[in-house]
Structures are given as structure tokens and as C-alpha cells.
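Have a look at the structure below, then the notes.
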Amino acid sequence: MKIESVIKQEVAAAIKLIYNQDIDEKIVQITKTKQEFEGDFTLVVFPLLKISKKSPDQTASDIGDYLVKNVTEINRFNIIKGFLNIVVSGDYWLSILKSAYVSPHYGYKKKESSEDVTLIEYSSPNTNKPLHLGHIRNNILGWSVAEILKASGEKVVKVNLVNDRGIHICKSMLAWKKWGNEETPEKAKIKGDKLVGNYYVKFDQEYKSQIATLVAEGASEEEATKKAPLIIEAQEMLEKWEAGDSSVRTIWEKMNHWVYKGFDETYKKLGIDFDKTYFESETYSLGKSVVAEGLAKDLLIKKSDGSIWADLTKDGLDEKLLLRANGTSVYMTQDLGTAIQRQKEYHFNKQIYVVGNEQNYHFQVLSLVLKKLGYSWSENLYHLSYGMVELPEGKMKSREGTVVDADELIDEMISTAKEISLELGKLDGYTPDEVKKTCKTIALGALKYFILKVDPKKNMLFNPKESIDFNGNTGPFIQYTYARSKSILRKANEQKLQYSKEIPSKIKLSSKETEIIKLIYEFEAVIDQAAKEYSPALIANYVYELAKEYNQFYHDFPILKETNSEVQNIRLILTDVAGEVIKSAMALLGISVPERM
RNA sequence: GGUCCGGUAGCUCAGUUGGAUAGAGCAACAGCCUUCUAAGCUGUGGGUCGUGGGUUCGAUUCCCGCCCGGAUCACCA
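The structure is reproduced here in C-alpha cells:
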């Protein structure tokens, strides 16, 4: 049992004995003791004063005496301003270190997978443009949350829903057909997604100039936007696509194929993957029957033009269109359909959508409509909403060319990592292959950590210059700490300082050592908390704390110079375990740690 | 205007179910390479936790009002 729980129980027992009262364990508040005071756990005694009818200090001292007498793990206590600081014995922490060391996963026990399935959808790209910085946040968030959930014992299915149809793809297709001269990624020597993106931009430029011409000829802006020949042609193309026109479908398949190849490269670079990929071209008509059913049951309303709506005014929202007058579905219809389909397919316990906060309203409506239609699991849908990534100059705008391309960013990070590493002489004696691998590891570590350490729901600022910072609270700092720990162990091995698995049961730990063991001890709880809050940021900030603590520790105590072999042994074991916990924690963020750097 | 989210040091961010003197990093300044790797360590300065009220022994945390910033309120996805 966790030591906190033991203390809680014993405090309750103490109150029963001393003040002869039964209490609700909830009012027993056990927190971690602040660094500047002596102790490991702190009992806040204020809530207990009503029961004890004594002064804070007297109450604390009564309970403290009882604890020391009755709990073997508790050595002593001190009282400061109504806070009872409890000192847990070094032997207890030693035993924690020992059990962590002999367990196969060091820091935490991998839990048995439960039967509950969690579906997590992320990435969900459009196929008309390459991935950018915003997608990176989405992708690594989704992937990391999936890993965290797995670590906390859930069964997770990672899905991607590719938006491969619609007017935006037709725009790229049309521009390619008109001005592309049968260009291919191979001929142009660029990634397929980039090529398709270029034609999307081309379309937009030509379209704008057509609008300008029309406006010059006296049309209103609104008219011109609708009447420009290009947009009409694109719409015709979409209709042909829907009708299954083979020539349009052929171009569509060809260009989408290019894009997928490009996306796969980017995903691979980022180190993310999916268990299943859905395509909107296959799901876009889903949900129609559900809407029809809802209408038949009078849960939805039909307007005079034939369009079908959900009335959400009672929930404080507006009416929401579910089916157009011409019978075609909209975004919401599809999402209703896919949610129901996935429920049938996976019987998921919950489904998480990793989608930007601009769609908060959409997901609010999705849940409500499903509920209205009688699906009780609608409350198990969770929108993991994340904020925008902003640049120092402001928001990313594709029109103004201020979008940060995912591939370019990664490449830039890699070359910067290389520059800095060379400058510091970190890569001396590396083979070209090792150089490449290490720089990639560091660059991705920097990028991923920089993004994941921020609370998802907050908008975040991405400063390209400052993000490639390897000092302080950064991925490379943590990687560096791990590499150092490995280096110590290697050295110890060379010097035949073979440390045994036998941990002496009685040895005095320094306060720094105890701090590190406490952090290791917390790891499992942190994972559970992070899983509950879908928060990689929690893991990130935890592992930083551990790395920092450890860095300070081995600065203060040159382990290999230690003359007492028992102390040296303990420190080497601590080094080993702390390193492995850092590695496990970073793995949950999708960040690998190098053996050397 | 309605709804949702944010506002903590000059900047980027933490802050556990309400607890002690609100914490890191960057930037600035001053030190530390004969240790295992200085991508590091130590120290100094920097705060009316947007603001005004309320609840409480105790509020950055919970409730209400206001101010500022963002998102959204499409027969786009």
C-alpha cells in the first residue's frame, strides 16, 4: 500500500484513539512537504481543530506522537505553524528504490490491459496541403496521449480520419489539370504533398485575379467570388467526382496517392503512427440513415425546403443543419455516422478527438445530437481541444505565407542541432551515421518537448529561434541527463565497479538521494494523473524535475570518487533507476534518449 | 451580442482534491572545467497571481461582477 494511504489511515486511527471521534478520511490532508522544511509528507491539521478542540500545535503534536509510536516507517516529526511535517525513515525509501530496481520496468509497473477500448482520433489532415506546425502539435499530442493511456492500462486504438474529398481537393486538381503539364513529384523532385499544395496555392492566385477582374468590370465582391469561372469549374468537378466520373476519379486517386506518400514520410519523421486510417470519401455519406431515423422519431425537424435540423435551443445553442435540402450530408452528419459506426465496430468505452479549439462548438453539438438521438454513450466522447500555435509575428496564415511547414521545420531543427553539437565538440569520434542519428534524436526531442510541455488547451507561442534552445527546461537537457547517467554506468563498468543488485537495508541516504527516490516513487501516480487529464504536459514537467534533481545530485556527489563502496553502490543503482525512469517518461512523449551525446 | 477558453516575473511556461515565504527556464549580472560530459552547477536581482467583491481559519486555486486577449456562432471541413 502507498505510504500516503497508510498515514491517512493511521491519522484517522489516532484521532479515534486520542479524541474519541470517527472522522471522514477526506479531511485528512496529506501533501508533500515543501523543500525548505524537514520531512517527506505533511499533515495539514487545521481541518482537524474542530474535532480536537485544541491548538494547532497541540493537535499536531498529539498526532505526531501517535504516528511515531505506531508506524514503523515514520521516524520523527516537526511542527511549523500548524503543519505537521512527517519524516519517513531512510530505510523505507531504500526499500522503494530496491523494489523499483528489481522490477522489470523500474519506475512503474506496467498494468494489465483492461478490456475497455479507448479510441483516439488525431491528425485528420486535408489532402490539399502539406502538414504544418499546427498539425505537429496535433499529431504528437494525440500520439503521446495514446501512449500515456496505454501505460495506465487502457486498450487504445489510434485512428486517423483523412479528409480526402471536397471542394478544396478539386481546387488543387483543377489547377494541376490546367497548368500542371503532367507534372509529377518524381519529375519535380519534391514531395507529393508539397506538389499538390503548390497547385492549391496556384488555384488561389488565379482565382483571386479572376475576382479582381470581375470587380474591375463592375461586379460586387460577393458576386465575383461566386461567379469567377474557376470556382464554377471546381464545383463542377466536385459534382463529377460525386457522380463517380472516371476521369475526375483518376486524377483524384493519383494526386491523393502523392499526398499520402508525402504524409507518410512526415509521420515517419515525427515517429507517429496509426492503427487504422479512415477516409472521408468512404464515410461522408454515413449518418444519413441515422438522421432519417431521428426524423421518423420526431427527434429532428424538417424545414419547408426539405433540409433537416436538430433543435438545440433548449440546450442554449442554435439549430444545427444535419442534411441539406438536396439530401447531401454535411460535416456533422458524417461525424454522427462515423461515431456510431465506430461504436458498433469497437464498442469503445470512450472516444477522444484531438482537434483544434476552433471546433469546440462542433463537438459540443455532436455530443448533444447523439444524446438527442438516444445514444447513451454520447457522454463518453471527449474533445481534446488544443490551442493555436502562434508565431512571434502573429498567427500562421497560409495566404501571407507565414505558415511553418512541418518538414522544413524538422530539417531546420536537425541542422541547428548539428551546428551546436559540433561547436560543443559533442560529436567527436562519431561515425557519420551516428552523427545523423544523434542530431535527429536531439532535434526531435527539442521540438516535441517544446510543444508537449505546454498545457494543450492554451494557445502557445512558437519562436523558431528560441525553440531550438538546448538549455534549461528542454528536451535536450533531459536527454543529456540520461546520456550522462549512462556514461557513469559505462565508466563504472570499465573500472570494474560492478555494483550488485544487493541493496544494503541500512544505509544513510542524503537528502538529495531521498528526493530522487521520492520522484521515482511518484512516477506511477503521475502517469495515472496524466491519463486522467490527457496531459502529456504533466509527464513533461515531471521528467524535467527528475532530470534537474538528478543533474544537481551527481554534480554534488562525484559517484566514481566515492570511497565507501556501499554508498557508491547505492548511487550507481540510483543512477541506473533514475535513468530508466527518465527513459520511460520520455518514451511516453515519443522522445527517444541517446546513450551518448 | 450569445457560448467556450485563456490572463502568474521583461519573455516562455509550471503550480496537484483550497494550505506554509507563489516556482522553473530564458534574458541580465557574479562565480565554478585536474572530477563522470560546462547542452551542466552555484549565487543575485526581478511578482498588487488581469481587476473588484464574496465564501473560508486560509484563495493563484472555488463563486459572482467587470476589464483585456483568443476561438466560435455557415446548406465549409
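For the first sequence, our numbering assigns the number -14 to the initial residue and increments by one for each residue that follows.
Positions of the beta carbon are idealized from the N, C-alpha and C atoms, including for glycine.
| Asked | Found |
| --- | --- |
| Note down the Cα distance separating Ser109 from Val340, rounded to an integer number of angstroms. | 8 Å |
| Nearest CA to the CA of Thr499: which residue from Ser37, Asp50, Ala(-3), Ile81? | Ile81 |
| Can you tell me which of Tyr51, Gly75, Ile325, Lys517 puts its alpha carbon nearest to the alpha carbon of Ser274? | Ile325 |
| For Phe264, which residues of its own chain have a beta-carbon under 7 Å away from its beta-carbon, when the five flanking residues on both sides are left out? | Val147, Asp149 |
| Can Met317 and Leu307 be called in contact, C-beta distance under 7 Å? | yes |
| By Cβ distance, which residues of its chain are closer than 6 Å to Tyr338, with the 5 residues on each side in sequence left out? | Glu106, His368 |
| For Asn526, I'd like the list of residues in its chain whose CB is within less than 7 Å of its CB, leaving aside the five on either flank, ordered along the chain. | Lys438 |
| Less than 6 Å between C-beta atoms, sequence neighbours within five positions excluded: which residues of the same chain meet that for Asp440? | Ala522 |
| Would Ile59 and Leu52 be called neighbours here (beta carbons separated by less than 7 Å)? | yes |
| Is Phe62 helix, strand or coil by DSSP? | strand |
| Between His540 and Glu168, what straight-line distance do the alpha-carbon atoms span, to the nearest angstrom? | 59 Å |
| What separation, rounded to the nearest whole angstrom, lies between the Cα atoms of Phe26 and Ser370? | 35 Å |
| Rounded to the nearest angstrom, how far is the Cβ of Val389 from that of Leu116, given a contact under 8 Å? | Rounded, the Cβ-Cβ distance is 10 Å, inconsistent with contact. |
| What is the residue span of the alpha helix (DSSP H) that Phe435 lies within? | 417 to 437 |
| Whose C-beta lies closer than 7 Å to the C-beta of Asp290 among residues of the same chain, with five residues either side of it excluded? | Ala310 |
| Which residues does DSSP list as the beta-bridge partners of Val(-4)? | Val(-4) is not bridged to any residue. |
| Quick check on the DSSP output: the alpha helix (DSSP H) that includes Trp583 runs from which residue to which? | Here the chain has residues from -14 to 582 only, and residue 583 is not among them. |
| Where do the N-terminal and C-terminal ends of the beta strand (DSSP E) with Lys140 fall, by residue? | 140 to 147 |
| Name the two residues that bound the continuous beta strand (DSSP E) containing Trp294. | 293 to 296 |
| Can you find a heavy atom of the ligand NAD that lies under 6 Å from the Cβ of Leu215? | Ligands are entirely absent from the displayed structure, and the ligand NAD is therefore not among its contents. |
| The alpha helix (DSSP H) with Thr466 in it runs from where to where? | 460 to 479 |
| Within the stretch 345 to 389, note down every full alpha helix (DSSP H) run reaching 4 residues or more, in order along the chain. | 345 to 357 |
| Just the C-alpha distance for Leu474 and Val141, rounded to the nearest angstrom, thanks. | 35 Å |
| I believe Thr466 touches Asn536 by the beta-carbon criterion, under 8 Å. Please report the beta-carbon distance rounded to the nearest angstrom. | 5 Å |
| Closest by CA to Gln220, which one among Met(-14), Phe542, His153? | His153 |
| Which residues in the same chain as Asp260 place their Cβ atom closer than 7 Å to its Cβ, once the five residues preceding and following it in sequence are excluded? | Val142, Lys143, Val144 |
| Let's see if you can read the secondary structure: which residues bound the alpha helix (DSSP H) around Ile505? | 496 to 518 |
| Give the secondary structure of His120 by DSSP, where H, G and I count as helix, E and B as strand, and everything else as coil. | helix |
| Return the chain-ordered list of same chain residues with a C-beta closer than 7 Å to the C-beta of Leu504, the five sequence neighbours on each side being excluded. | Glu530, Leu531, Glu534 |
| Less than 7 Å between C-beta atoms, sequence neighbours within five positions excluded: which residues of the same chain meet that for Leu271? | Gln319, Gly322, Thr323, Gln326 |
| Spell out the partners DSSP gives Val29 in its beta bridges. | Gln14, Phe68 |
| If you follow the alpha helix (DSSP H) that Ile395 is in, where does it begin and where does it stop? | 391 to 408 |
| Which of helix, strand or coil does DSSP assign to Val87? | helix |
| Please state if the CB of Leu159 and the CB of Pro222 are separated by a distance shorter than 7 Å. | Note that residue 222 is Met in the sequence shown, not Pro. Cβ distance < 7 Å, so Met222 and Leu159 count as in contact. |
| Is it buried or exposed, Asn444, if we count other Cβ atoms within 10 angstroms and call 16 or more buried? | exposed |
| Closest to Val(-9) by C-alpha separation, out of Tyr4, Asp7, Val13, would be which residue? | Val13 |
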